[in-house]
Amino acid sequence: MVGFSKQARRLARQRALQTLFQWEFQPAQRLAIPFAFEGQSCTEDERQYAERLVDGVLSHKSELDTIIGRYARGWTVERMPVVDRNILRCAIYELLWVPDVPAKVTINEAIELAKRFADEEAKRFINGVLDRILQEEPRLERKRFELVHEPRSRVVS
Numbered sequence: 051m052v053g054f055s056k057q058a059r060r061l062a063r064q065r066a067l068q069t070l071f072q073w074e075f076q077p078a079q080r081l082a083i084p085f086a087f088e089g090q091s092c093t094e095d096e097r098q099y100a101e102r103l104v105d106g107v108l109s110h111k112s113e114l115d116t117i118i119g120r121y122a123r124g125w126t127v128e129r130m131p132v133v134d135r136n137i138l139r140c141a142i143y144e145l146l147w148v149p150d151v152p153a154k155v156t157i158n159e160a161i162e163l164a165k166r167f168a169d170e171e172a173k174r175f176i177n178g179v180l181d182r183i184l185q186e187e188p189r190l191e192r193k194r195f196e197l198v199h200e201p202r203s204r205v206v207s
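With positions in the sequence shown counted from 1, the corresponding number in my numbering is that position plus 50.
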């Protein structure tokens, strides 16, 4: 993943979110990434990273939903708006399985997705859930350490 531009990853996250949103309404059908790119130009980097996110989220959906349920106080995954839960799924997947993206970047990008595709309340909710996960999830100890000890000049998205 190193070498992907900030813009390529941002667009890939948007495409992944759009694909996962569509998948929610056709769950029996594993949607192909090209579906999310129809009529739009994209780079190979965008397509590859979007595929990685979609495949990762769908492969780990049960585990991701368990994590969301554990940290989204007062909410069940099923009650969440489709956009919100898929932003969370993508971000948690990235936190747990994409080691070269700093936690700070993952959370900031999730908030940007919420700003674009959800409302102000969702933005705060997503930020709060991801912050709790980052602070409390045992598997994220390394990312917590990197967040505290990361040089200010190093930011990859």
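We treat Cβ as the ideally placed atom computed from N, Cα and C, and that holds for glycine.
Quantities reported herein were computed from a predicted structural model and do not represent experimental measurements.
From this set, I118, K111, D134 and C92, which residue's C-alpha is nearest E186's C-alpha? I118
Flag this pair as touching only if the segment 97-112 and the segment 161-175 have three or more C-beta atom pairs under 8 Å; answer yes or no. no
Residue nearest to V155 in terms of C-alpha spacing, selected from E196, V133, A100 and R135: E196
Which runs of the alpha helix (DSSP H) at least 4 residues long sit entirely within the segment 139-200? Give them in chain order. 153-167, 170-186 and 191-199
Please confirm whether D115 and V127 have their CB atoms less than 7 Å apart. yes
Separation of D134 from G124, as counted between CA atoms: 15 Å
With a threshold of 16 other CB atoms inside 10 Å of the CB of R63, please say whether the residue is buried or exposed. buried
Please name the residue in L70, I176, F75 and C92 whose C-alpha comes closest to that of Q57. C92
Through-space distance from R189 to W73, alpha-carbon basis: 28 Å
Collapsed DSSP secondary structure at A62 in the structure displayed: helix
May I ask you to report which of helix, strand or coil DSSP gives S112? helix
Tell me whether Q68 is buried or exposed, calling it buried when 16 or more other Cβ atoms sit within 10 Å of its Cβ. buried
Rounded to whole angstroms, how far is the Cβ of A160 from the Cβ of K193, which I believe are closer than 8 Å? Actually they are not in contact, since the Cβ atoms of A160 and K193 sit about 14 Å apart, beyond 8 Å.
Cβ neighbours of I183 in the same chain (closer than 8 Å, five flanking residues each side left out): I117, Y121, I142, L145 and L190
Output needed for N136: all residues of its chain with C-beta closer than 8 Å, excluding positions within five of it in sequence on either side, in chain order. L67, L70, F71, E74 and V107
Nearest to S55 (by Cα), restricted to the options R65, Q76 and D95: D95
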